[in-house]
Structures are given as structure tokens and as C-alpha cells.
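A.B. asks: Okay, handing you the structure first.
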Amino acid sequence: MGADHSSKIVGTVWGLLILNTLGSAGAQTIVPLPRSLIQMVTMGALVAAFTLALAVNLELRIRPSAYVSLLTLLLVTSVVSSANLGSGFGALFRCARLALFVGTLWLLSRWWDGGLTFVRHHIRMYFAVLGSVAAGLVVSPGAALPDLYGGRLVGALWPLTPPQIGQYAAVIIGLTVLLVLGRRTDRTSAAVVIVPSVILLALTHTRTATLGLLLGLALAIGSLILTSAAARRFFAWAVLCAAVAAVAFSSALQAWFLRGQSQENFSNLTGRAKVWDALLAAPRTTWQQLVGMGMGDKSFGGLPIDNSWLAVYHEQGLIGIALVAASIIALGGVALLRPPSLPRACAIFLISYCAIASYTETGLGDASPYLLHLTLAASLLAAPAAATPLSTPEAPLRRISQWTRKSEVS
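Counting from 1 along the sequence shown, just add 1133 to a position and that's the residue number in my numbering.
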């Protein structure tokens, strides 16, 4: 099988993994989609991803990865905690899903070389997802900005919630900005991605995604300041623009950030703190504290947990928390040891974003976009990045279609 053909299949597999993690619960769509149909599509995408990955890697050549190894241990913990069926047969189904997900990552690890190939796959697929959101907004603004979500942007064609849309927009904005600084794309092509993504992010009123984007980019660009003049210029202009915006638009920014909530509601994180307190106060046996209650739907008492660490504690126990923490620490430690480079900066952005978002979002303990973001970071750190100056020009991407340009496959 040719290298170019294999690269296309690998890109398809990555896109199918993203489709699987879009979820099946969200806003009401213009054309009602039965949840069973959505689940059939997402699970079918995962099965197809695993099958294609296996077909393109029949030799089962895998690359050692501490991150995926820790995910495998997390899978084992999930199976052990779910075996008693305390969370029902659905727990075993979720374990099977996670097993296929992790197995596909192992098969894809063969192509992790510290390059930007998977970054481009990531941007391309999530940009397509955001395109469907924008299309829904144009076709039916009322369905895309429903009163049920306080006028925040949702997916009107595919059921996506405001936090989901905000997350996808923030991630591709951050990665695209870094590609521009590294001269891996031209500004026109980047603007095609960044401008509509910023608009969609603003319409979601998602504070977590916005803070994750800003802080993640600050850390990523900070890692390039000593070696990249472009990074230094961008950082200086960003600080200046932020200062001016804070002064000139302080009231508007505060209103956007509060989303019309009272100070009390804002202080308890829109009711999340009450769920967290109840979860921590619930009685558990020693075994349940160690391995959790089994894989569930990331809720407690019928309410969403909305915190990755507490969700992992609830479902996979203290052992699960230790494994998730170890995976993030491992990725962060490797990133700090790498010499300054664009792949390292992208990895730092992704790790930082996921760590920040984990406080009010779930996903670190199950197949989710957050695990894909961290997997992308692992692929960027799989090999020492070449310490070439970021100012060295490369052939720019001239059209948005060229986001799909493939790098050489080992």
C-alpha cells in the first residue's frame, strides 16, 4: 500500500474518531434526529475507524506511548469498576466503546512522528463541524439560538451544545494562530478559519473555551518567544489589544462573561458546585473509592457533573484520577523537555486547554474530544522536534482546501 494512500486512510480514521466523539445529546435540531439514529452513526464511525486503522496497519506496528499506555490502564480500571453492573449494562457498552477507541489510537501511533499532519486533520475536521453549525445558523437562526439555552449558539443540523461548539472553535483558532506564527500557512488561509470560528465562539458565550483559548495560547506563544520574532511581535500586539479592549469595552465584556446571571449563580458555577458537594458527600465503600461506580453518563443524581476530575472519581475512582493526572503530567513533562519548536508549542496549547477545561467540562476519563486533543499532543511530542528557526519560510497554504496537505508518512 502506497504511502500517500495510507496517509489518506489515516486522515479518514482521525475524522471518524472525531465524528464518534460529537455525542448524541444536545439541542433540538431543525429536522428531528432520533437519538438511536445518532448513536448508530457515531458508533458506526468508531467501528469503521478501528476497521480502517487495522486494515492500514495489518502488521500491527505500533509506537511506544506512555500516554496511550496510561489510557489502556484507565480502560482496565473502567472494566473492573463496571463488571459488577452497578451502573447497568450501559457501563459495559461504554467500556467496549473506550476499548475500540484506545485500540484505534494504538494502531494510529505508527504514524506519530512529531510532525503537523494530525494537526491539519484536526483543523480540517472540526472546521467542517463548525461549518455545519454556521449553516444551521443561516437556515434557521431561531433554532440555532434557542431561548432554552439563553440565546446561545447550538447545533441546529446536528445536536451540539454551546460548550461543544465553543471547544471546537477555540481549539482550531489556537492551532491556526500557531501555524501562522510558524509560517506553515499564509494569513489569508488562516483568516478563513479564524474569523468565522471567533464569531461562532462569541455566539456560544462559552467562558471555559474562551479562557482556555487565551491562557493556552499565552503559554504556547510564551514557549516560542525566545526563538521566534513573529511570536514576540504577536505577543506584544495581543497584550496591547487586550489592554485597550479591557478599557474601552469593559462593560460589554462583563455582560458577555456573566451571560445575564446573578452574582450568586455565577459564584456557584451555574449550580455545578451543588452537584459537586453532593457527589463528594455521597457514601462509598473503600472499593468504590478506589475504582469508582462504573462507567456512566457523567451525571450524579440526574444532574451533569461538569468536572472531569469528579466524573473520573465517580466512575473510575482514585485510581482513575491518578492515571488521568499521570497522563497529563507525562505529556506536560515531555513538552517542557523538548527544545522550542512549533509542534511543541501546539502540544503545550492542547495540554493547557484540556487542563483548564477539565474544571467545568467532562471527558478526560472516556472517549471524547479532550482525549483526542491530548492524543494529538502526544503525536506532536512522539519524536524530538527539529530545532529549526521558526522564521524559516515554508511554502504557504494558498487555499483552505490545502489544509488537507499531507506530510510524508514514515
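Even for Gly, the Cβ is constructed at its ideal location relative to N, Cα and C.
Using a threshold of 8 Å, state whether the C-beta atoms of T1154 and P1502 are closer than that.
C.D. replies: Contact: yes.
A.B. asks: Quick check on C1374: buried or exposed, where buried means 16 or more other Cβ atoms within 10 Å of its Cβ?
C.D. replies: Its Cβ having fewer than 16 others within 10 Å, C1374 is exposed.
A.B. asks: Counting along the chain, where does the alpha helix (DSSP H) carrying G1429 start and finish?
C.D. replies: Careful: G1429 lies outside any alpha helix (DSSP H) and carries neither H nor E.
A.B. asks: Going straight from the alpha carbon of L1203 to that of G1427, what length do you get?
C.D. replies: Their backbone Cα atoms lie some 18 Å apart in a straight line.
A.B. asks: Kindly list the residues whose CB is nearer than 7 Å to the CB of L1290, restricted to its own chain and excluding five residues on each side of it in sequence; keep chain order.
C.D. replies: Counting only Cβ-Cβ distances below 7 Å, and skipping sequence neighbours, we find T1162, I1163, S1265, A1268 and G1269.
A.B. asks: Report the rounded CA-to-CA distance for L1150 versus P1416, giving the unit in angstroms.
C.D. replies: Approximately 36 Å, taken between the alpha carbons.
A.B. asks: Could you check what DSSP says for L1249 in three-state terms: helix, strand or coil?
C.D. replies: Coil, per DSSP.
A.B. asks: Can you tell me the Cβ-Cβ gap for I1327 and I1306, rounded? I've got them flagged as a contact below 8 Å.
C.D. replies: Confirmed, about 6 Å.
A.B. asks: Tell me, please, which residues DSSP counts as bridged to L1436.
C.D. replies: DSSP output for L1436 lists F1433 as bridge partner(s).
A.B. asks: Tell me which same chain residues have a C-beta within less than 7 Å of the C-beta of G1221, skipping the five on either side of it?
C.D. replies: Cβ within range, chain order: n/a, list empty.
A.B. asks: Excluding the five sequence neighbours on either side, which residues of its own chain have a C-beta within less than 8 Å of the C-beta of I1195, listed in chain order?
C.D. replies: Around I1195: W1239, L1240, S1242 and R1243.
A.B. asks: Taking the continuous alpha helix (DSSP H) assigned at Y1282, which residues delimit it?
C.D. replies: Careful: Y1282 lies outside any alpha helix (DSSP H) and carries neither H nor E.
A.B. asks: Look at the alpha carbon of R1317 and the alpha carbon of L1311, and state the distance between them as a whole number of angstroms.
C.D. replies: If I take the Cα positions, the gap works out to 9 Å.
A.B. asks: To test your reading of the DSSP string, which unbroken alpha helix (DSSP H) runs of 4 or more residues are found completely within the segment 1147-1175?
C.D. replies: None, since the segment 1147-1175 contains no complete alpha helix (DSSP H) of that length.
A.B. asks: Can you list, in chain order, the residues of its chain with a C-beta nearer than 7 Å to that of K1431? Leave out the 5 residues immediately preceding and following it.
C.D. replies: So the list reads P1437, I1438, A1444 and T1495, once near-sequence residues are dropped.
A.B. asks: Going by alpha carbons, who is nearest to G1466 out of S1474, G1450 and I1484?
C.D. replies: Of the candidates S1474, G1450 and I1484, the one whose C-alpha sits nearest the C-alpha of G1466 is I1484.
A.B. asks: Pick from I1358, I1461, L1451 and M1258: whose alpha carbon is nearest that of A1199?
C.D. replies: When only C-alpha atoms are compared, the closest one is I1461.
A.B. asks: Grab me the residues of H1447's own chain with a C-beta within less than 7 Å of its C-beta, minus the 5 sequence neighbours each way, in chain order.
C.D. replies: Here the set comprises L1412, G1425, M1426, F1433 and I1438.
A.B. asks: Just the C-alpha distance for L1308 and I1256, rounded to the nearest angstrom, thanks.
C.D. replies: Spanning the two alpha carbons is a distance of roughly 8 Å.
A.B. asks: What does a CB cutoff of less than 7 Å around S1356 pick up in its chain, not counting 5 residues either side in sequence?
C.D. replies: The answer, listed in chain order, is P1473, R1477, A1478 and I1481.
A.B. asks: Return helix, strand or coil for H1564, following the three-state DSSP convention.
C.D. replies: What the structure shows of the chain is the stretch from 1134 to 1543, and residue 1564 is not part of that stretch, so it cannot be assessed.
A.B. asks: Where does S1501 sit, in a helix, a strand or coil, going by DSSP?
C.D. replies: S1501: coil per DSSP, three-state reduction.
A.B. asks: Give a yes or no on whether the C-beta atoms belonging to G1345 and A1490 are separated by under 8 Å.
C.D. replies: Against a cut-off of 8 Å, the Cβ pair of A1490 and G1345 comes out as a contact.
A.B. asks: Out of L1249, G1284 and L1191, state which residue places its alpha-carbon closest to the alpha-carbon of S1512.
C.D. replies: Among L1249, G1284 and L1191, the Cα nearest to that of S1512 is on L1249.
A.B. asks: From what residue to what residue does the alpha helix (DSSP H) around Y1446 run?
C.D. replies: Per DSSP, Y1446 belongs to the alpha helix (DSSP H) from S1441 to L1470.
A.B. asks: Can you name, in chain order, every residue of its own chain whose Cβ lies under 7 Å from the Cβ of I1454, other than the five neighbours on each side?
C.D. replies: Excluding positions up to five away in sequence, the list reads W1442, V1445 and Y1446.
A.B. asks: If R1320 sits next to V1331, beta carbons under 8 Å apart, how far is it from one beta carbon to the other, in whole angstroms?
C.D. replies: With a Cβ gap of about 15 Å, R1320 and V1331 do not count as contacting.
A.B. asks: Please state whether DSSP places G1496 in a helix, a strand or coil.
C.D. replies: Residue state, collapsed to three classes: coil.
A.B. asks: Within the same chain, show all residues whose beta-carbon is closer than 8 Å to that of T1210, passing over the 5 residues directly before and after it, in chain order.
C.D. replies: So the list reads V1424, G1425, Q1449, G1450, I1452, G1453 and L1456, once near-sequence residues are dropped.
A.B. asks: State the DSSP-derived secondary structure class of P1295, mapped to helix, strand or coil.
C.D. replies: P1295 falls in the helix class under three-state DSSP.
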